[in-house]
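Protein chains in written order, with this note's numbering: chain A, 960 to 1069; chain B, 8 to 150. Each remark here refers to the structure printed beneath this line.
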């Protein structure tokens, strides 16, 4: 479902497949594990993901956890559909979305 | 007589993917466009998750039935379970104007169902479980 990498101190989690109520606990666990390592910035690569409200809640909790410690959660490569459902719920106004992963990686490696 | 198509699964969350695949296929065959198929699939996922997690309270030996058919210009999906009756009016809608950090959990699934579909009806009663009937207009969708 997901693959973890690191870009200049940021933990990057590549999420693939459906994040429904069945898969959400697994993602939650991985995000908690990253949080426990004191990773300041967690980047979720959502290019291959789709989700339900269960997935949205996981993002919300991860955002709260990171913020509580002064860290951040960044979401990148959301498909227009996923972005649409996120906008419906107002998540786009609070979570930080990164549209272009290639550009981010280029900047991070400079 | 209209053609009805049905999938019945046990109330295990792992079955959500099977339901999504089945409904997406039926919705596409009924003439919904790709975007509408995605919205229907997402709404049905929420309804079935409610059945499994709330009506059956996480028990995995219940049955969830998802039946779909075309009626006039609507693609109609009926989700049925025999679990604890569910009262949607008891769930407050999420306060979308409050800061995300302050929001309470819950209500998001129902909100999404209502937003993604053109109509959503709930029927429930003791001993009969729950029935959610959702409609998606095949031509001019509300969004």
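Virtual Cβ for every residue (Gly too), placed ideally from N, Cα, C. Note that the structure is a prediction, hence the values are computed from the model and not measured.
- Identification of chain A residues near residue 8/B by a Cβ-Cβ cut-off of 9 Å yields none; the smallest Cβ-Cβ distance measures about 34 Å.
- For residue 1011/A, the three-state secondary structure derived from DSSP is coil.
- In the DSSP assignment, residue 141/B falls outside any alpha helix (DSSP H) and within the unbroken beta strand (DSSP E) covering 136 to 144.
- A Cβ-Cβ separation of about 12 Å leaves residue 993/A out of contact with residue 974/A under the 8 Å criterion.
- Residue 56/B: not part of any beta strand (DSSP E); member of the alpha helix (DSSP H) spanning 41 to 57, first to last residue.
- Restricted to the segment 969 to 1008 of chain A, the alpha helix (DSSP H) segments that are unbroken, complete and at least 4 residues in length are 983 to 995, listed in chain order.
- Restricting attention to 19/B, 134/B, 116/B, 145/B, the CA atom closest to the CA of residue 51/B is found in 116/B.
- Below the 7 Å Cβ cutoff, chain A contributes 1040 as neighbours of residue 45/B, in chain order.
- Counting along the chain, residue 78/B sits inside the beta strand (DSSP E) bounded by residues 70 to 78.
- In the DSSP assignment, residue 17/B is bridged to 70/B.
- Between residue 57/B and the set 142/B, 143/B, 129/B, the nearest pair of CA atoms involves 129/B.
- In the three-state reduction of the DSSP assignment, residue 28/B falls in the helix class.
- Chain B has no Cβ within less than 8 Å of the Cβ of residue 991/A.
- For the segment 52 to 70 of chain B, the set of positions with a beta-carbon nearer than 8 Å to some beta-carbon of chain A reads 52, 53, 56, 59, 60 in chain order.
- Among the residues of the segment 1002 to 1030 of chain A, those with a Cβ less than 9 Å away from any Cβ of chain B are 1009, 1010, 1011, 1012, 1013, 1015, 1016, 1019, 1020, 1022, 1023, 1026, in the order of the chain.
- The beta carbons of residue 100/B and residue 131/B sit no closer together than 8 Å.
- Residue 1040/A: member of the alpha helix (DSSP H) spanning 1039 to 1047, first to last residue.
- For residue 116/B, at least one C-beta of chain A is nearer than 8 Å to its own C-beta.
- Cβ-Cβ distances below 7 Å link residue 1025/A to 994, 1001, 1031, 1032 in the same chain, with the five nearest sequence neighbours on each side left out; the list follows chain order.
- Judged by DSSP secondary structure, residue 121/B falls within the alpha helix (DSSP H) whose first and last residues are 115 to 123.
- In this structure, residue 140/B keeps its C-beta atom at 8 Å or more from the C-beta atom of residue 73/B.
- When rounded, the separation of the alpha-carbon atoms in residue 49/B and residue 124/B is 10 Å.
- Closest in alpha carbon position to residue 16/B, among 70/B, 127/B, 82/B, 94/B, is 70/B.
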